[in-house]
Every structure is written in structure tokens, then in C-alpha cells.
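Undergrad: My questions all concern the structure below.
There are 4 protein chains.
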Amino acid sequence: MRTVVPDRGQGRLSEAWRYCVGTGRFDLALRRDYQESLALVQREIGFRHIRGHGLLSDGAGVHRPYEHAGERRVRHVFTYVDQVVDAYLDLGIRPFLELGFMPSGLASGEQTVFWWHGNVTPPASHAEWAELVRATLRHLVGRYGLDEVRTWPIEVWNEPNLKEFWQDADEAAYHRLYEVTAHAVKEVDAGLLVGGPAISPGADEWLPRFADFVAARDVPCDFVSRHAYSSGPAQHVPFGVHQTLMPAEALLEQFATPRRQLAGGPLAGAPVHVTEFNSSYRPDNPVHDTAFHAAYLAPVLAGGGEVCDSFAYWTFCDVFEEIGVPASIFHGGFGLLTHRQIKKPTYHLYAFMARMGEEVLARGADHLVTRHGDGRVSVLAWAPADVTGGDPVTGHQVRLSVPVGPAGSAFLLRSSVSEEHGNAWAAWRELGRPASPAARELDVLREAAEPARSHRALPVRDGRVELDLRLGAHEVTLAELTPVLVDETPPWWDDRRLLGLGEENPA
Amino acid sequence: MRTVVPDRGQGRLSEAWRYCVGTGRFDLALRRDYQESLALVQREIGFRHIRGHGLLSDGAGVHRPYEHAGERRVRHVFTYVDQVVDAYLDLGIRPFLELGFMPSGLASGEQTVFWWHGNVTPPASHAEWAELVRATLRHLVGRYGLDEVRTWPIEVWNEPNLKEFWQDADEAAYHRLYEVTAHAVKEVDAGLLVGGPAISPGADEWLPRFADFVAARDVPCDFVSRHAYSSGPAQHVPFGVHQTLMPAEALLEQFATPRRQLAGGPLAGAPVHVTEFNSSYRPDNPVHDTAFHAAYLAPVLAGGGEVCDSFAYWTFCDVFEEIGVPASIFHGGFGLLTHRQIKKPTYHLYAFMARMGEEVLARGADHLVTRHGDGRVSVLAWAPADVTGGDPVTGHQVRLSVPVGPAGSAFLLRSSVSEEHGNAWAAWRELGRPASPAARELDVLREAAEPARSHRALPVRDGRVELDLRLGAHEVTLAELTPVLVDETPPWWDDRRLLGLGEENPA
Amino acid sequence: MRTVVPDRGQGRLSEAWRYCVGTGRFDLALRRDYQESLALVQREIGFRHIRGHGLLSDGAGVHRPYEHAGERRVRHVFTYVDQVVDAYLDLGIRPFLELGFMPSGLASGEQTVFWWHGNVTPPASHAEWAELVRATLRHLVGRYGLDEVRTWPIEVWNEPNLKEFWQDADEAAYHRLYEVTAHAVKEVDAGLLVGGPAISPGADEWLPRFADFVAARDVPCDFVSRHAYSSGPAQHVPFGVHQTLMPAEALLEQFATPRRQLAGGPLAGAPVHVTEFNSSYRPDNPVHDTAFHAAYLAPVLAGGGEVCDSFAYWTFCDVFEEIGVPASIFHGGFGLLTHRQIKKPTYHLYAFMARMGEEVLARGADHLVTRHGDGRVSVLAWAPADVTGGDPVTGHQVRLSVPVGPAGSAFLLRSSVSEEHGNAWAAWRELGRPASPAARELDVLREAAEPARSHRALPVRDGRVELDLRLGAHEVTLAELTPVLVDETPPWWDDRRLLGLGEENPA
Amino acid sequence: MRTVVPDRGQGRLSEAWRYCVGTGRFDLALRRDYQESLALVQREIGFRHIRGHGLLSDGAGVHRPYEHAGERRVRHVFTYVDQVVDAYLDLGIRPFLELGFMPSGLASGEQTVFWWHGNVTPPASHAEWAELVRATLRHLVGRYGLDEVRTWPIEVWNEPNLKEFWQDADEAAYHRLYEVTAHAVKEVDAGLLVGGPAISPGADEWLPRFADFVAARDVPCDFVSRHAYSSGPAQHVPFGVHQTLMPAEALLEQFATPRRQLAGGPLAGAPVHVTEFNSSYRPDNPVHDTAFHAAYLAPVLAGGGEVCDSFAYWTFCDVFEEIGVPASIFHGGFGLLTHRQIKKPTYHLYAFMARMGEEVLARGADHLVTRHGDGRVSVLAWAPADVTGGDPVTGHQVRLSVPVGPAGSAFLLRSSVSEEHGNAWAAWRELGRPASPAARELDVLREAAEPARSHRALPVRDGRVELDLRLGAHEVTLAELTPVLVDETPPWWDDRRLLGLGEENPA
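Protein chains in written order, with this note's numbering: chain C, 3 to 509; chain S, 3 to 509; chain U, 3 to 509; chain X, 3 to 509.
Quick look at the structure:
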């Protein structure tokens, strides 16, 4: 059966999918591999904001207590902050600031998280914390201008509902931190945007309480935030884990929860940012590297913007050290790119989304159809991704009748990733899984990582193209239809006079 | 039937195919598009020398007569020569100097060739010509060093056997020019390499007479040169021509003729450079843009080095103006690249050759098998190209038993161009043949121009891989086999535990 | 005596000086050296538009008559036009289109101008000319968009008052050409800007007649244009000329004439573009290369914007061929840059202007004072340039009292070019005038071409800095004053504790 | 009095000064700022090797113990090692490997050094350490080839004579570590170069004992190494220190000690590498940023190669974290460059050395004279640097009679850094010491950091130029003399005909 795509648009495609992307800790952004990865991502995808941990942790070197004239003072140092933010802006991406973790010189305890030891205890002095927040924002406003910084959302802490990230997961302590911080932000400028509570899945009850708290105490709150992951518990092997996954709908459900929870309450209508999402929350789950993963997330990217204001893929590249230095080029990292810029299938899912049009023409369980201002139509289609572990489906069909207007023909360019194509991980496996590939092997992997491309001229009848897409295992495909409005072939031209094209003109 | 490739090498693969490449006239090398094209070609192919017309024509501005103190003098100006040669050397390519055409201030007549008016008459003064040659070479030696310039062959004039290129095709006049020039070259340095007669096809009788002449007069001659083309007469349409082609063997035969002709004579053993070759000699024959062309030339590239010392593809890019400014991005130009660096199928034929190994293992009518120093085996295979105009053959099979040594498996990376893939011309036709494509269309054409890539793990039995290559219409394919000597898969790893790979591990 | 610079601004600094710049003929823009020069110029100066000859001449290959089905047709080809305009826009500069010269296939005669043979005869068919104009503009609008092309002024022909540029300097024929062209432009879009008559100096009487003509016939005219040069007749030596110069005021007078002439008439208030200006109109006058030239033009750049809407330096670089291939790196070319991007003193005059502030604080015979939005003050000052050939003045003093606001001190960064510094021509002379410098010599010349820089902290008293500038021979200097609003020196710091600074802290 | 420079060379200029340079810890090399700094340094200076700490510390992630099948195993991971070494080789610099510090998973204790916690305790298992060394070297040999790695010296540990760097400064424990390590190195390949003991100043007695130990136990030792610093004890202020300095001769004396100590013993004639040197050993001593520092080190660079085989400046850039994140762009760091590539005066001292000739003509207390293969003569001269803290000397004279051969004149290009020029630190001070400069300020600092340049034509008499150099405070100057062998000025040329040059030709 063929789906008839309406000619009239169904509204604009939300930019929620590209509004923000996740990153490893702040000071990793100083690295060349990181910046080259981000440059590539920005060229082909173009995220708007970037969010990660550690802006205030020791590695960024901001909070610097010292002694002078017999007393303790604090210097605020922005050597690295400026290098990173300068680079972000040069690359066309803006910070989504996360205020955390605790500088060791301001911490009330010793508890840390991650291989890189982010301190997760409350401040020893809330006044000094507030001053740190104010000094940081004043510096950023001074350097980048108020108009610029007002576009950067500022989130207070990360996943305070988890003991690993906030000592004792102490909700009252988080509320206090939020209150102090939100006021400090607004003291710098009332137009700066502050929000929270940045909770992980499984703590939905925090959000209504947070809304009530800020309402009761009249604490500023410009947006709310949460995270979304769909994996089950980790079964460990050395340098890796395996996990079950919930169906992709579970992610969309997590995206949708805050709007429902806030409806009718004091924060009703506040923007909802899903400031982290992925399938697995583990940076060593090989699922992130697979073709399956792109097919699994395709409906999430296609539909997520309907239920929240942004959802940030965690993370854009594998330059990431939460559990230490990655032991192999493919290691199940979160990244869209491995170290050294090998594109994973999910990278292409994002790159395909970046080539969609502004106007939605149709949505379906296995497709999204959009139109560009110049009349081109872009179709994203995907094969099923079965989380119960069955054999992948090959031969899934997507059949559409697509309106392209009054052209004589349409040029179809199709780009695909699947188990077979655009799947560098598969090539790496066939190469014997070299942990640290040689230059030649990197070249091979980059070649293997490119999507399969094909093209064809399709007839247009009554302003429509009948598009039949047969999808391979875990295929995600982008079909771009360009109506051929002007045929510049001169009247005297006859392709049959060319050698090699045969009697039958193959065009 | 399967060809068994011997494990023992059959000698080194000759570099004759990449020793030299042709180019449009000298001053076109000042252009950015030209230099970007050459940079790409050098990165992926890596020619050693480059040869074109016009070093001494007015456009390069070398020969500059003027009056001073009442008498005529000549200044030799190297403003552009230095810019071009500096660029060549920066790009890792060396000149193959062609001395010509005649500066208008030194010409004895008015006859010119090409849209850009190269003067093709003998010098009004052989002494002033000799001084021009000496001054030019002295300048080059002074700027680039004697060791460097001694590696640049120096050819005297171009196709003097044709009236279009040398007034009246006057053989005696050419011999005189050659003699004067060869002596001028050797006066600068006896180690500089000089040769001729750079004849076009159809003038085979010139070569023995040239050999006799230089022997009789004791004129220096370090190499001989000729051209090779395989097309028939041109049938014109506006901005284009159609021509018949002889089978590819005709080119190999033209390459082979000089060695046979010189054998036993005074120039026996002199290096033979085919300083131009192509199918058609017309810069507006669409055959140059096609997939057919790559398949047609594949056996020529694979085998040409057996019968001559070099054969230079005419030309590396479409920046070329012999019949005027090209009227369309695809216009049947000689180039491996169009303007703006769109790769034609023949480009990939060269790029595939550049990935072959140093050692030949086997040669066949439809394949060439080579081995690299590190044990990898590269196979070039090609489908038939029928010059009689029949329908292209699809499904041609090449079956080889390839020795890869004692590995557990081999990684196959296959890259192909054919009527369907790596064929930007076909995509351009489907787009409605836009003469001057917009930025988006250029992007599409560049994507369409990339070869199809696929990869697989193949079993190794008794040190051999059974390789079955099924070729599409006019396909040229590069199959690269990397023996997997170390499998770094850890003992605990089980791909079946990954979601999406199914019960049957597809690897 | 010290000039007291007022604290209140005297209006915005006009951008007339950077609105447009001249260039060699259209197809030279395809060259790499040209584009690298333009990239440098745009990075450090930032012109808005670029204007040169030859858009419609044979070298650009637009007008292409051919025969088909027994009749003459014309194809319009934009292969090179698009390459050039794409490059311009990429480099942040827009065309100022000049429609000319005549394609040989449309010309009514054989007369040409320049080494590159621009045909200067009227069209054989005004209808075919109009179609050429329409086709060109339609193509540009199609490719770059109407909003973009509406910002490109379109000038009809070049210097029709000179027999060299327009057959017989036939005014009536020019008026006819203008009328046909202006209507053709407006047929494409009424919002496109068309103007003329692009006259050379010495033909002031053409302008009122042109104004009357367009008024009488109701011909569209959106701006008027003229050229300005200040040199006397050429005394030739081989590869060069010498000329007398009028004082710089003569250029300002030429800039000012059109507004006066048009006042009260039908074109009163029309924008006046001086679409070419320079001292000498010869591309082989060494004055262009000298420090004298920068000092000579400094008052012109500082003041020209008061009397016209733009004045375009002829030309931005030495890639230029009106009298043939330049015979030496320095050859008296018009360029701000030589081949290979050696900066001449006049380049720096422009680069200094590009660092001036938006607001004029003071103007004087030897200085211009401006303020930036952030409070910095930039001063341009220049030494006298004596056109009568006397010894250059050294030690000219410019003394200013400059308002910088309530800072503790001001940081002065001074950049200067003069006979001694920033004068690559002088270094080249000392090197023995190598016509085609080696790589090392080019490095030396580039180093010698950089302005002298010095810096100092100056005291601020009552919000003012007393600035004393002593100028060397033909010095042009940029003095940039940055008020130091925050001194971050920590309280414990004492420079006297540093080794090497001595007892007296030099700060 | 004028020094007469002999015409006959005094031997080749040793490359000891550029053989090696120091760097911050291994994983800092992953940063973009670091690699951009190194690229600049390599372009203008060109060191041969680079040495720093931390190859085996946790930050590089090499040693990775894990559990599998109930037992402890170790995986060796080269993710970061390969990224760094790939980058080094791409930038034209080779590792000088330092084996250390101890991975925490292999350490016998908890003691660490630096803000980044390098563990300085002996291995818990010498066998596992030896395996770590072998695995690392085998990997490097596999990736880069044996010929390459054989050129990389391998040093065992760092400053074991200091308790901060080696637990208890236990000499016997170091000897044992050295022995195990040296044998492990040679087990990989006998041609790899191993050495030690990398001692700090003040432990000269360790070297003879080390020589005796390796001789007695027949332990391989291909070179010996030590460090050199000339500063006194640190007086701390917040974020900085002040120290006294010994005269520069003290450094040369430290360089010279090992050859003297080893003479006649078992290691006599072994290459001596000073693997670290600087004035102060503190990364927060402002002396590193000053013009004084360049003048102070000039005689060390000029003369050090006479007494040892290499001396490595510690360090090439300020990307360095031994005492934490630098709090300000200038902070007294070791670097030749600050963050973001602002050149310090000492950078230029090195860049000047890189422009010296291969052949030494003369050495003096304030100068070094060299000649290039092409006849150019380069002179390095320096003003006195008084370590007792007096006012800097201005007006120091260096007068030389320099042989340049039979030229008509010589072109002098002089480049200088001093208190006034090429001194970005002084400009930064005048700007109010902005800790984290804005983009504009960085531009200003980069401009201020360039050396002053001047040029002149000097007469040649009897093949000699009389060179008078007057030096400013702490000036280091490079005077490059190019004999003008060919004067290309045409016979008709007369500069007096140019406007602006006056009656007297200033040339």
C-alpha cells in the first residue's frame, strides 16, 4: 500500500533535535581531536548549543583560593573557559551552561564522581558559590556581550536525584543550591535564563516538587530539564557492558513527561529541555557504534520535537573520559564520531536530519517527509529495530506518493546507512578490531563509514513521484527529490550517439 | 573458471602510467581552479611530471623585445614561469618541458593555432631562439638548481608533422629547429635531457628519419616522443563532436611502435615517452566524461608500461581553452576532473592504479593483480568496453584465487565505478544537464562522483582467498585484500550479545 | 602648537573610501595569486565592491554565437562568470558590474584596447546586446538572488569619452548604448541599479549632457560615475614611465565636481561614484610602489568621503595585464599588493583606514582622529608629500590633545610606514632589484613590508592624552589609543622585583 | 675596536641547541593550543626531538589492569600515545622518550608529584614494569617502524635524585629500575637507545656512580643525561615567585660537567644530553617572559653546543599544568610561547638561531658569526644581561668586519628584540595586564611581539662589510647580510626621476 503524501504542509519541522548536543567534560574541549570532531559535526549537522559537565570542576581551573596578607581570598581564572568558549563560538555553537561540579577548594566533602574526580558535595559556603557563579557569568557577559549570553540556557547541577552525582541525592540541599544559584544568575542580569533540575530517568516525582518549590519561594526558573535513557541494567565484561533496551517509544515518553507534569501548575508552559538522552547511559556499550542504533533512534529524532523543546544527544564524539581513557577506537562510546572522526551510523542519522526541509508534509511509523523552500522534497525512512534481539528485518518497504510540483522529472539522490553500508564498526570488526588503527586502517574505516549513494531520474505524473524504498537491515535512508524544472539539454543532443550507452538510452 | 594467481611476483609494476600527465596551456596553471584540481590529483594519484603547450607563447610573457638607445633588445621575463613552476613543485609534480610555441616577437609568420593563438611558424632568427632557450633554462637552473632541472625532460615543439602545429608540417625546418634547440639546451648543461619529435599518430615514418638525422648530424637526443589517439573523424554538433573509436589495443600498439622502429638503429634503447594520449583528440567529445571511458582505458593503463617508458593522459583537468571557454560543466573535455573538481570515472581509474602494489602477481585481459610490500594484494578488474556501440555488458565475472599468506581471514574493500556508481555525468544528465551548476548541485555531483564502496571478511584457505567479482556495466573495480594477521578480539567477546545482530552473527 | 581634539563627535566617518576597489580584467580573477591577494585585502581592509573591465569580453566567454539548423544563434555561457562571482562572494566582496567591452561576435568593428584586445566598437545589433545584458543579469539573479544583485551597481561601459575605449569617442553612440542598456537592465528588475557615464578626467562637460539626455528621454539612471587621476604626460623608458603629479587636492577636486555639476539639474542628489582613481593612470609608473605614494594619498582617503559617495582605488593588486605580463615583481603597477602579496606602503594606508573608528572627532591637514564604539581613539597622521620633487621632509610634528575618558592611562600602539619602514620597494632596491625573487627574497620582502610597530603607556590627565607624533620622511602613521579602564595588576605585584628591569621601573 | 671576522670557517655550528625541546606532560599534547604552538615553533625554529613527563602516568592511559576469569591481567592501551606521536611526526618532530611516572595500578606507594598527581614510587612488580616497557616499545616499533624508533632516545625516569620525583631519592632503587628498564628496551631491539640518570643540578656525584654501576653490571647505556637550571630559592607571592639567578656561564658549566666527569671512565665518549635547562626551574617566575631572559640565554645558545650534545629548553610553550591551570596569559611560564601563541623574546632568540648559517666564522662574548652555503652571513649579537639587578645597559656596541666575498654591496636585514621591541610582556603590562585578553588584545599582543625589522644597503670594500650594531636594553639582534651579486637595475634607470626621492638618491 502506498501512502499519499499531502501537498499541503503540516507545520514546520521542529529544531528540537538539533537545539543542543552533549559533550564530555569541559576541559576536554581544549583538545584538537575534540575540536576537529566538533568542526565536522557543525559543518554537516549544525547543532545550536552544547552542554557538558565540569565547567566549575578543578580541571577548568576557575575557582582559585589563595592566601594574601594573612587571609584567604579567591581568584576567578578563565584561561581555559575562554579558550573553550572562543572555540565554540568560532565553530558556530553556543554553550548550554551546566553549573557544576564543585571546585575542591569550595567543597564540603570528598565524594567524587568519574575517573576524573568531579566533586559532588554541596558548597562549604553558599556565599562563595554564589560569588563564583556571579563572577563567571559577569566574565562571560563582559567578554561575549549580554545579547549573546542571554541566549545561553544555564542549568543548575546535573542529576541531583542520583547519589553518584549529588551527595546523598539530598533534594532539600539541591533546592537550596538551586535557589542560591538562580538568584546569583539574575543578579548579573535579569535576562539570563536559569533552570533545572536536570534529573535522570526514574525520578519523575522530583519535577512537580521542584515546580512547587520555586513557586513557593518565588525563585526564578526559565526552563525545566531532565534526561532520558532507555537501557536496562549493565552486564559487565572487561572494557564493556551489555544491556537490554526498551523500545524507542520509551524515550519519546520520557521526553513528553515534563509537559504533562507541569500542566496546570506554576511552571506550565516553561520550555522543557531534555539535556541528555541516549539509548544506553553507559560509555562502553557497543550498541552506540552499530547500524541498529541509527534505526532505533530514527523515530525519536523524527518525532521528539513534537513533545519537548529540545533533546540533546549524549554525546557528539568519543573524546570522553568518565570511565578512563578509551581502550580502543570502537569501545561503545556515546559519540556520533569515534576518536579521529570516524562517523558512526547515528552520525549519519543526524546528518540526514540536517538535510530535511523546513516544512513537514507527512509523518509515519517508518518515515518523515519534508519540503524545502525551493520545492525539493526530502524523505527520511527507516527499517524496524527490534529490541528483543531477533534477526534484523531486510526488505522493509516504504512506498510513498510524493508531490513535487509541475516538473518533467525528478532527480532522486538516495543516501543510506545499514548493516552493510556506512557502517565503519562492521568494517573494523572484519579488520580484526585493531584497537589503535594505523593510518591506512583509519583511511579504510573512513571510506567504509560513508553512506551508500545512488541516484536516478524518476518520472513525474500529475505533479507526483511514486517512490518505492526497499530498506536493508537496520537501514536509515535519506531520499532527496529535486524536481527538474529546466532541462538544459540542447535540441540537437542525442545520447544514443555516445559510445557505450547502447541502443537503449539508459536514462 | 578461476584464474590461479601465482604467489611469486612477475616483476615490478611499471610507473609509466603516472610518469607524466598532460595539461592545458602554460598560463592556465596560474588559475586557482587549475591548482586546486592539480592538488587533488596529486593527493590521490601522484603524477611525476606535467607537460603542456605554451611555455614560450605570448601568454607566458617570456620573450619581450624592446628598444633602447636606438636598438632592438630582448628581455627574458619569468614572472609567470616562476609562479607556475613554484606551484608545480609545491604540489609535488615536475615539469616535462615542451619548448613552444613561437613568441610573436620572434615569429617568422602569422599562422596560429587554437582559440588562444599559439604562433606555429619557425623563428625569424634561430640565434634569438637559441638565446631564448638558453636564457630560459639558465633561469630555471639558477632558481631550482641543476640537480632538479636535470630530471625534467625537455621536448622540442609539438606535433610538427601536422600543418596546424608547424607551418607546412615542414620536416626539414623541424629538424633544423631541433638541432639548434638541442645544442642550446646542452650549452646550458650537458646533463639536461632533450628529445623529440613529439609527433601525432599517423606519421610513424617521421621517427626513423628523425633518428637518422640526429645520428647523421651528431645532434643530442636523450629520448624520443610521440602521441597516441584512437578516435576517428569528428562529426560536429554545436559545442560538441561524436567520433568512432578503435579498440583500446590500438593505443597499446601506438605506444609500442617507437621501440620497434628504433630497434637496431642509432637511437635504439632511447627512452620512449608517449607525451600525449587519449581516446579522442577532441576537447568536446562527451566520451571523455563517461563510465565507458574508464573501462575502455583500463587495459591501457594496466599494460602500457610494458611497451614504453611513459604515456601521459591528455589532460588532468578541464581547465583548458583550445577551442574557447567551455560552455558547460560537462562538455566532453579531456580532464580527469571537470571545472570545480568533479571526478570523472577515468579519474578513479587513475586513483585505483595509484593504490596498486609494487609487484605484479598476474595480468589478464580483464584484470591486474599486484602485491604491496606489507602483504596486501590489490586487484584491478574491468568490464568489457565495446567500441562498436552495442549495449554494455552487465554481469561480467572475474574469478581469481589470490594468495594472501597465512592469515585467518582477509578484509576485502571493494571500490567501483560503473554506469551506476561513481558516474557524475549520469547524475548531471538526470539533473537536466545544468551548464553552470549551483552550489547545491555541485555538492550533489561530487557525492555522485564517489565510487561505490563495500567490504567483507573473506575466508583464507591454504593461504588463498577465492575472489569472485561480478562487474556491472562498464565497471572498473579495485579489490583490496588485507590479510588479517592479528585478530584483537578479546577472548570474552561475543557479538551475539549485541542487540541488532541477531542469532546468527553476520560476520 | 597642539590641536585640541573635541570630545564630541563630528559625524560618522564615511565608508566612501572602501565602498569599491578596482581590479584587472574579469578573467584574471580566476587566478590563484589574484584570489590570494584579494583574500588578504579583504581580511585586513574589507572593501565592499569590486569593479573591473571585461565582463563581456571574449576572455570571459559569455557571448557564444553558433550555427544550428542553418541559422545563427547565441548561447550565453557563464562558466567563468560564476567561478569569479562565487569567489568574490566567498571573499566577502560584491561586484560593481561594468558592462563591457564588446564580444567580438557582436562587435561592429575591429578596434581593440590593451594587450588583451578588448573590442571597443558599438554592437553590430543593439537588440542582441540588450539580450546579452538581460541574459547575464537574469542568470546572476537566478544564481545569487534578487536581494543580492540589487546591491550591485551596474555601470555602462568605461571612459566612452576616450577614443581608445570607445570608437571615435562618439557621445551620441554612447548615449544610445546607455539607453538600450539601462532599459534592458530594468526589464530584468526595476530595482537593479544602473548608471554611467564612467568618464575619464578631462571630459567634465559630458556629465551635464548625460544628465540632460537621460532626463529628456526618460532613461533610468540610479547613479553617475567618473574617474580621477592626477598625473601628467608619460615620459617612457623601457618597461616604465615617469610623470609629474598634481597636488593631492586635485583628486579631491575631481571627486567633488559631479555633485556640483548635477546640483539643481535632473540628476541632483544622485549618488556619485568615482569608479577609478589613482595618482598616475599608468600601470608602469614606479610612484605606485613608493612610500611617497601613501603619504600623497593619505589626505585623499581621509577626506574624499566628504565630497562623493565612493572612490575606488585602481587597483587592489598587480595581477593586471593591460600592457602585457609584468616584467618584474616591482614594476610600477597599480596594485596595493605586488604579485605574491608583498604589501606596498599604500596598502598600509588602506589597512590603517580600516582600523579607524566610526565617529570622526577631528580633521586636519595632516591628521584624522576617530573614536570607536568601545572608547578607543584612532589617529591617522601623515607627513607632507611634495609633488615638486624636493627632498622629503623628516621630523614633521603632529601634536594633539586627545580625549580618552576617565582612564588611569592609555595604551598607545603606533604603526608606521615611511621611506624607512614598511617599504618593501626600498628593500627590493637594496637587494639589487631581482625581477623574479627567489623564495628567500620573497620572505625578506614580506618582512620588510611590515609597518614599524611601537607601543607605550601614556598618562591620562583630565581625561586626555597629550599625543606627540614625530613623522619620518613620507611617514603615514596610525596611533591607536586604548584607555586602560581596568588595571588587573594584583596589589602584591612589584615589577622592581623582576630581574632586568632595574631600579627604575620603566613602565 | 672592531673585531675582524676571519674568512675561513671555524667548523660547523652544532645543532645541540635544537636537538631537543621540553614539553608539559604527555597528554597535554592532545590539545589544540599545544599543537598549534608546536606547529608554529616547528615552522620557525624546527626542533628535532621533544621530551616531557607522563608517558606512563594515568593520564595517558597505557597501563590498564583488569579482571577476567577470576585473575588480574593488564591491557596496554595506546589510544592517546598514538594520537600524540602521530601529531609529533606530522609536525616534523620526534619523541625523546622519558619512561615515567608510575601508573597507579603498578605503583608501590601513594606519593605523587604535581597538580596532576604523577606517582613517583617504584613499581610494585619489576616484571610488570618491564612488560609495560616492552609492550610500549613493541607497539611503537610496530606502528612507526624500527628505523624510526631507533632514532628516539629513551630516558629512564626523571630527576631520581630528588625526593619529589623518586620516593626517598633512593639511588639503589633507581639503579635497579634503570637496569630492569634498559634490559627491557634492548629485548625489544638491541638498536634502541637507552640512557639516564636524568639528574637535576646539585647531584653531580650521581653520575660517576651511575657510570660505575652500569659498567659493573654490564647494563646497556647509550647516553647520559642531566638537567641544568641557574636560579636560586623561590620567594613566593600569590601565583608567582621571584628568584635570584646565577650568571649564564653557570648553565654552560652545568652542561660541561658530564663530559668531564665521564672522561676516562667506562662511559667516556657517551653522548651527553642536557634533557632540561632554563634559568628558573619554576613555571611561575616572570623572568621567563622578559626581554632580559633572551639576552641572558643568548650566550648559552650560542655556546652550549661546544660542551654537550644537546640542551633542551624547558619548555616550548605555556600549555603546562605542574602547579595547576595558569591564572593569566603571562604568568611566568616556561614557554617560548604563551597560550594562544604569543611569542616571548626567548622565542625569537631561538628563531634567530634557526636562521644562522651552517659554518661558524667567529665567536665572541657578545656575538656569533656564521655563513650559509650560499654565501650569506648571519650575525647574532646580544647586549649584557646583568643578574645583579642593575639598570639595563643601553647602547652596547658590537663592531665587526665581516667577509662577504666579491659583491658590489650587501643587503642588511636586521631583526631585534629588546625591552622596547618584540616584547609582548611589556605591551601586556601597559594594557593593564589583562589575565584573559579579548580577541582584540590578543591581536595587539601578537603585533607587539614581532621583532623590529630594518634594512639597508651596505658598501663592500675588499670583500668586507664594516658592521656597526648598537644594541638597546637587553637587545638580541640578528643581522643577516646578503651579498648583492647581481644588480638587475637596467642601464636606463635613474631613481632621481622618481617623485619623492629628492635630489639625493637615498639609496
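Cβ coordinates follow ideal geometry from the N, Cα and C atoms, glycine included.
Output needed in chain order: residues of the segment 68-80 of chain C with a Cβ under 9 Å from some Cβ in chain U.
TA: Listed by position, the residues of the segment 68-80 of chain C near chain U (Cβ gap below 9 Å) are H70, A71, R77.
Undergrad: Run the CB neighbour count on S:E157, radius 10 Å, all protein chains shown included, and call it buried at 16 or more, exposed below.
TA: So S:E157 counts as buried.
Undergrad: Which of the three DSSP states is assigned to U:E306 in this structure?
TA: Note on residue identity: the sequence assigns Gly, not Glu, to residue 306 of chain U. U:G306: helix per DSSP, three-state reduction.
Undergrad: S:W384 lies in the beta strand (DSSP E); which residues open and close that run?
TA: Here the beta strand (DSSP E) through S:W384 covers 379-384.
Undergrad: Under a Cβ-count criterion, where at least 16 other Cβ atoms within 10 Å of its own Cβ denotes burial, should C:L501 be classed as buried or exposed?
TA: With 16 or more other Cβ atoms within 10 Å, it is buried.
Undergrad: Please confirm whether S:Y82 has its beta-carbon closer than 8 Å to some beta-carbon of chain U.
TA: Closer than 8 Å to some Cβ of chain U, the Cβ of S:Y82 qualifies, so yes.
Undergrad: What are the boundary residues of the alpha helix (DSSP H) that includes C:G144?
TA: Looking at the DSSP string, the run of the alpha helix (DSSP H) that includes C:G144 is 128-146.
Undergrad: Once the 5 residues before and after C:V190 are set aside, which same chain residues still bring their CB inside 7 Å of it?
TA: Same-chain partners within the cutoff: R136, L139, R140, V143.
Undergrad: Name, going along the chain, the residues of the segment 24-42 of chain S whose beta-carbon falls closer than 7 Å to a beta-carbon of chain U.
TA: Within the segment 24-42 of chain S, the residues whose Cβ lies closer than 7 Å to some Cβ of chain U are L32, R33, R34, D35, Q37, listed in chain order.
Undergrad: Kindly list, in the order they appear in chain C, the residues whose Cβ is closer than 8 Å to that of S:D489.
TA: Neighbours of S:D489 on chain C, chain order: G434, R435.
Undergrad: Would you list the residues sitting across from S:L57 in a DSSP beta bridge?
TA: DSSP output for S:L57 lists no bridge partner at all.
Undergrad: Contact criterion: CB-CB distance below 8 Å. Does C:D177 meet it with respect to chain S?
TA: According to the sequence shown, residue 177 of chain C is His rather than Asp. Chain S, which has no Cβ nearer than 8 Å to the Cβ of C:H177, makes this no.
Undergrad: Apart from the five residues on each side of it in sequence, which residues of its chain come closer than 7 Å, Cβ to Cβ, to C:L253?
TA: A230, S232, F279, V302, listed in sequence order.
Undergrad: Cβ atoms of S:G26 and S:T317: under 8 Å apart, would you say?
TA: Yes. Within cutoff.
Undergrad: According to DSSP, is S:S233 helix, strand or coil?
TA: It is a strand residue.
Undergrad: Out of curiosity, what's the CA-to-CA distance linking C:Q263 and U:R20?
TA: Their backbone Cα atoms lie some 58 Å apart in a straight line.
Undergrad: Output needed for C:N160: all residues of its chain with C-beta closer than 7 Å, excluding positions within five of it in sequence on either side, in chain order.
TA: Excluding positions up to five away in sequence, the list reads H55, E100, G102, F167, A200.
Undergrad: Relative to the C-alpha of C:E449, which residue among C:G434, C:G465, C:A428 is closest?
TA: Checking every option, the nearest Cα to that of C:E449 belongs to C:A428.
Undergrad: Grouping DSSP H, G and I as helix and E and B as strand, with all else coil, what is U:F313?
TA: The answer is strand: DSSP assigns U:F313 an E or B state.
Undergrad: Let me make sure I understand the geometry here. Which of C:A89, C:Y68, C:A41 has the alpha-carbon closest to that of U:W494?
TA: It is C:Y68.
Undergrad: Give me the Cα-Cα distance between U:S281 and X:W430, rounded to the nearest whole angstrom.
TA: Distance between the alpha carbons of U:S281 and X:W430 is about 40 Å.
Undergrad: Do the segment 56-64 of chain S and the segment 24-41 of chain S meet, that is, are 3 or more Cβ pairs less than 8 Å apart?
TA: Output reads yes: the segment 24-41 of chain S touches the segment 56-64 of chain S.
Undergrad: Could you confirm whether any beta carbon from chain S is found closer than 8 Å to the beta carbon of U:R136?
TA: No, its Cβ sits nowhere closer than 8 Å to a Cβ of chain S.
Undergrad: Relative to the C-alpha of U:S330, which candidate in U:G271, U:P347, U:L444 has its C-alpha closest?
TA: Checking every option, the nearest Cα to that of U:S330 belongs to U:L444.
Undergrad: Considering only the alpha carbon of each residue, which of C:G242, C:S202, C:V243 lies closest to C:V226?
TA: Nearest of C:G242, C:S202, C:V243 to C:V226, Cα basis: C:S202.
Undergrad: Looking at X:H290 and X:G2, is the spacing between their C-beta atoms short of 8 Å?
TA: The structure shown does not extend to residue 2 of chain X, since chain X spans only 3 to 509, so no value can be given for it.
Undergrad: Who are U:N121's beta bridge partners in DSSP?
TA: Answer is U:M104, U:T114, bridged to U:N121.
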